[in-house]
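Take a look at the structure set out below.
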Amino acid sequence: MKNNYYAQKLNSTMLFKAYETQIPRVKQYLDAEISFVKNNLTSSERVLELGAGYGRIVKELAGDCKSIVGIDVSEESVELGKEYLKDSQNAKIMTMNVQDLHFDEKFDVVLCLQNGLSAMKIKSTELIEKILEMVVSGGKVFFSTYSEKFWEYRIMWFQEQADKGLLGELDYDKTKDGVIICKDGFKATTYTQKDLEEIGDSLGYEYKIHEVDESSVFLIIHKN
Numbered sequence: 001m002k003n004n005y006y007a008q009k010l011n012s013t014m015l016f017k018a019y020e021t022q023i024p025r026v027k028q029y030l031d032a033e034i035s036f037v038k039n040n041l042t043s044s045e046r047v048l049e050l051g052a053g054y055g056r057i058v059k060e061l062a063g064d065c066k067s068i069v070g071i072d073v074s075e076e077s078v079e080l081g082k083e084y085l086k087d088s089q090n091a092k093i094m095t096m097n098v099q100d101l102h103f104d105e106k107f108d109v110v111l112c113l114q115n116g117l118s119a120m121k122i123k124s125t126e127l128i129e130k131i132l133e134m135v136v137s138g139g140k141v142f143f144s145t146y147s148e149k150f151w152e153y154r155i156m157w158f159q160e161q162a163d164k165g166l167l168g169e170l171d172y173d174k175t176k177d178g179v180i181i182c183k184d185g186f187k188a189t190t191y192t193q194k195d196l197e198e199i200g201d202s203l204g205y206e207y208k209i210h211e212v213d214e215s216s217v218f219l220i221i222h223k224n
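Quick note: the sequence shown uses our numbering, first residue 1, plus one each step.
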């Protein structure tokens with residue numbers, strides 16, 4: 001992912017600052033997404049998070065599972081994450097590209113949250129099937145994207161990040177229909193609920209779509 005924006009620019013301490021939002025509705029969204037996952041854990045699961053950044057979600061979930069591993073393509077974010085997670089004994093983070101997943105073990109739960117499908121450019125059914133190969137029989141995969149109802153707050157959050165110098169200036173003429181475009185070339189797309197349903201239909205496993213807090217939409221695949 002040589003041109004991955006999150007690896008080259010929005011990483012490490014800059015990514016950390018992105019989550020220090022002063023927008024109450026965005027804070028609510030971030031908390032609600034994590035709370036939903038927590039409510040689906042029983043403290044016995046081995047969890048893998050894809051696109052973990054510096055470990056924000058890993059740290060939040062460490063007390064609610066047996067163990068948790070986060071991977072991210074950015075070496076800088078992972079180095080920050082190792083310090084960030086130093087007191088979480090059952091949590092670790094490592095540099096790995098989702099396009100080249102390799103583990104000796106399988107996991108009970110795999111997470112790809114906060115529009116991670118788009119951010120990590122996970123487009124092919126073949127790659128999603130490889131992600132499912134990381135899951136034990138009976139395990140689950142959670143993908144989440146933004147709800148269409150959250151659009152105005154998503155723009156507000158991106159504007160806040162641009163004001164902090166974390167992103168380029170927003171191009172409001174081109175930002176529409178779930179796609180945010182910055183004048184420095186950054187483009188953030190969104191998987192719609194229909195996109196998630198099509199993924200679910202293509203895989204042949206039991207799945208459900210669930211909206212949380214009018215801000216996230218989850219695709220939950222049960223590998224039964």
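Idealized CB from N, CA, C, for every residue including glycine.
query	result
Beta-carbon separation (whole angstroms), Val58 vs Phe107, contact threshold 8 Å	Going by Cβ atoms, the distance from Val58 to Phe107 rounds to 13 Å, so no, they are not a contact pair.
Beta-carbon contacts of Ala18 that lie in its chain and below 6 Å, excluding the five residues immediately before and after	Gln161 and Leu166
Short CB-CB distance (under 7 Å) between Ser202 and chain D	Protein chains in the displayed structure number just one, and chain D is not present.
Unbroken beta strand (DSSP E) run spanning Met94, endpoints	Ala91 to Thr95
Of the residues Phe186, Glu105, Lys86 and Ile220, the one placed nearest Ala119, counting alpha carbons only	Phe186
Residue from Asp100, Ala91 and Lys149 whose Cα sits closest to the Cα of Tyr54	Ala91
DSSP three-state assignment for Asp171, whether helix, strand or coil	coil
Where Ser67 falls: helix, strand or coil (DSSP)	strand
Status (buried if at least 16 other CB within 10 Å, exposed otherwise) for Tyr29	buried
Where Phe186 falls: helix, strand or coil (DSSP)	coil
Beta-bridge partners of Lys208, as assigned by DSSP	Ile220
Length of the line joining the Cα atoms of Glu197 and Leu203	10 Å
Exposed unless 16 or more other CB atoms sit within 10 angstroms - verdict on Asn224	exposed
Same chain, Cβ closer than 8 Å to Tyr205, five either side skipped, listed in chain order	Leu132, Ile221, His222, Lys223 and Asn224
Reduced DSSP secondary structure (H/G/I, E/B, other) of Gly139	strand
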